[in-house]
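A short worksheet on the structure shown next.
Residue numbers (my numbering): 1361 to 1479.
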């Protein structure tokens, strides 16, 4: 089993990069818009990524969880879209979250089919 890499993304406060830059990152991760179920079962599993936002002590943290073999790809995608940001490899951020006395979680789920854009 391949392990995961946890990347912390720190963006400067004065950065005014458009939101469309993130769209390029998401579209670069999946080569096709749809992987049929039979290909997932028989051939290979698609790569899984997690884009997470944490609020710890009045500070917002952005984390990306990626397979270790795609760490360089993810770092280069982030650096090319957001030139001023700092990408740091860290440990699992959930260890820090579980130490907090107040924990709340949420999830964003599409209401309709997966191929509709989130806007």
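Beta carbons: idealized from backbone N, C-alpha and C, even for Gly. For clarity, every value in this text was computed on a predicted model and none was experimentally measured.
Check your understanding: How would you call residue 1426, buried or exposed, if buried means at least 16 neighbouring beta carbons within 10 angstroms?
Key -> buried
**Study point:** Where residue 1437 sits in the DSSP three-state scheme
**Key:** helix
Check your understanding: Out of curiosity, what's the CA-to-CA distance linking residue 1381 and residue 1454?
Key -> 27 Å
Check your understanding: What number of angstroms, rounded off, separates the C-alpha of residue 1364 from the C-alpha of residue 1428?
Key -> 5 Å
Practice item. Just tell me which of 1409, 1450 and 1417 has its CA closest to the CA of residue 1461. Key: 1417
**Study point:** Inter-residue Cα distance where the pair is residue 1379 and residue 1385
**Key:** 11 Å
Review point. Between residue 1401 and residue 1373, what straight-line distance do the alpha-carbon atoms span, to the nearest angstrom?
Key: 44 Å
Practice item. Within its chain, find whatever has a CB closer than 8 Å to the CB of residue 1444; leave out the 5 residues flanking it on each side and keep chain order. Key: 1371, 1372, 1375 and 1377
Point to revise | Cα-Cα separation between residue 1459 and residue 1448, rounded to whole angstroms | key: 21 Å
Check your understanding: Run through DSSP, which three-state label would residue 1449 get?
Key -> strand
Exercise for review: Provide the residue(s) that pair with residue 1442 in DSSP beta bridges, ordered along the chain.
Suggested key: Answer is none; residue 1442 lacks a bridge partner.
Exercise for review: Within its chain, find whatever has a CB closer than 6 Å to the CB of residue 1446; leave out the 5 residues flanking it on each side and keep chain order.
Suggested key: 1370
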